[in-house]
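Using our numbering, you'd call the opening residue of the sequence shown number 47 and step up by one each time.
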Amino acid sequence: MSVMARSDPPSAPYSGMFQGQTAWIFSDGKAGHEAQVLGVVEALGLQAEIQRVDIAGIYKFMAPWGPLPPEASNEGRLRLDPPWPAFAFATGRTTIPYIRALRRRAGLETYTVILMDPRTGANSADLIWVPAHDRRRGPNVISTLTAPHRFSPARLRALHTNPPPRIAGLPRPRIACLIGGPNGYYRYSPADEERLVDALAGLAASGAGLMITTSRRTPERLAARIKNSVAAARAFFWDGEGQNPYPDFVAHADMFVITADSVSMTCEAAATGRPIFIFSPSGGSAKFTRFHSGLASYGATRPLPPSDEPLPSWTYEPLHSADVIAAEIAKRWLRRAEMLPGLVKAKT
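Here you go:
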């Protein structure tokens, strides 16, 4: 089954249904993974209890298929005992043994969800979410065009009402430039770096207000070249000092320039309905191509034009995948509750 993200947040018949109920989140500690799960948990109105997995040695090697490690290896930080939560989520291969064990122990008392392909059998959880560009499908598998995150419509509205002075003072259009870096699929050749630096310098020279942030993968030399190229312009280059302005960049951007390797930042930008221009360095993969082709077909993204061409503007319906995934979880949970009222009880 494939559930594609809709233009506006779906109606929430579950609103208030899960008030006071808890969701365990088995986390491998990666910020991106936790943000995806928290986006869905918050959309459901659940209270999150994060349980961070820290396994090593043979147990880490055997994940996601292997057994749980002895309790001593986790220093008692995780619990897999009742009272059971209403829901449990996991993402990342080292978390999968825990949610599989929880499902065996809690049975129908806990509805289990895995985000991202666990590379295990369909019975690892009640529901599995994968992005549409992944190949996995099945009766208990759902997919959306973008990944879930914490930039809900309510959060974006709240951020937009109070722009920081440094952003409010930038000229329009304000362009959020979200820069990644080399990974296992994309290379940043000297020619790629030159194209990117020239493009951003051209946007700054055009009078646009640039809001620029790099990532941990951005080579230091590239970050320095970008910073120098816009030094004379009215631009906000975040160098890692002070509070991270990234949420305000997303909320206050009139358009975006994002490198093709930055899937999560592209998904977050797509929640705004504002134009996204993709800069493609050398390399790529079939999976990245499917992701970018899907967003381009939807109307959210276009390739970044040459530096001497103006940027066009357009709109599209924002993509709110966390809401779509939450609605599907609630629908399936309610279906099970109706079939087994003695085992599954909603708190109202």
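Idealized CB from N, CA, C, for every residue including glycine.
Residue i burial status per 10 Å Cβ neighbour count (16 or more: buried)
i	result
His366	buried
Glu314	buried
Ile104	exposed
Ala250	buried
Trp175	buried
Leu256	buried
Pro128	exposed
Asp294	buried
Leu268	buried
Leu386	exposed
Pro217	exposed
Asp369	buried
Thr335	exposed
Glu266	exposed
Glu88	buried
Ala392	Summary for Ala392: the model assigns pLDDT 48, below 50, so the residue's position carries little reliability; its value from the coordinates is reported in the next sentence. The residue is exposed, with fewer than 16 neighbouring Cβ atoms inside 10 Å.
Pro210	exposed
Arg262	exposed
Per-residue DSSP class, three states only, for residue i
i	result
Asn120	The predicted model places Asn120 with a pLDDT of 48, which falls under 50 and marks its position as unreliable, so this point remains unresolved.
Phe283	strand
Ser189	strand
Arg382	helix
Glu239	helix
Ser275	helix
Ile101	coil
Ile221	strand
Arg233	strand
Leu161	strand
Glu266	helix
Phe133	strand
Ser367	helix
Phe107	helix
Arg146	helix
Ala376	helix
Glu88	helix
Glu95	strand
Ser198	coil
Gln259	A small correction: the amino acid at residue 259 is Thr; Gln does not occupy that position in the sequence shown. Three-state result, Thr259: strand.
Thr361	coil
Pro211	helix
Thr347	strand
Beta-carbon proximity list for residue i, same chain, < 8 Å, skipping 5 on both sides
i	result
Asp354	Gly248
Lys106	Thr140
Asn120	Confidence is the limiting factor: at Asn120 the pLDDT is only 48, short of 50, which leaves the residue's position unreliable, though a coordinate-based value still follows. Around Asn120: Val99, Asp100 and Ile101.
Gly329	Tyr231, Tyr232 and Arg233
Top-ranked residue by Cα proximity to residue i, from the options
i	options	result
Ala372	Gly75, Leu84 and Gly78	Leu84
Leu124	Val276, Glu266 and Asp74	Asp74
Pro177	Thr260, Pro194, Asn186 and Ala168	Pro194
Leu357	Asp300, Asn169, Ala168 and Thr264	Asp300
Asp238	Asp307, Arg165 and Leu386	Asp307
Gln67	Val370, Trp130 and Pro116	Trp130
Thr312	Pro110, Thr137, Arg151 and Leu191	Leu191
Ala245	Glu88, Leu350 and Gly91	Leu350
Arg151	Thr137, Leu126, Asn169 and Ser170	Leu126
Thr166	Leu154, Ile145, Ala69 and His79	Ile145
Arg280	Thr305, Gly286, Ala254 and Glu287	Ala254
Ser170	Ala200, Ala109 and Thr305	Ala109
Lys76	Thr137, Gly112 and Tyr292	Thr137
Gln289	Thr259, Ser331 and Ile304	Thr259
Arg381	Leu154, Ala81 and Gln65	Leu154
Beta-carbon proximity list for residue i, same chain, < 6 Å, skipping 5 on both sides
i	result
Phe302	Ala222, Ala315 and Ile322
Leu114	Pro143 and Ala147
Tyr157	Phe133, Asp172 and Trp379
Gly62	none
His206	Ala297
Ile71	Val83, Ala94, Ile96 and Phe135
Asp469	As displayed, the chain neither begins before 47 nor continues past 394, which places residue 469 out of reach and without an answer.
Pro327	Tyr232, Tyr234 and Asp238
Val86	Pro194, Ala368, Ile371 and Ala372
Nonlocal neighbours in the same chain, by C-beta distance under 7 Å from residue i, ignoring five residues either side
i	result
Val243	Arg271, Ile272 and Ser275
Gly319	Thr361, Tyr362, Glu363 and Pro364
Problem set entry | Sequence ranges, beta strand (DSSP E) only - wholly within the stretch 286-343, length at least 3 | For the stretch 286-343, whole beta strand (DSSP E) runs of length 3 or above, ordered along the chain, are 301-305 and 322-325.
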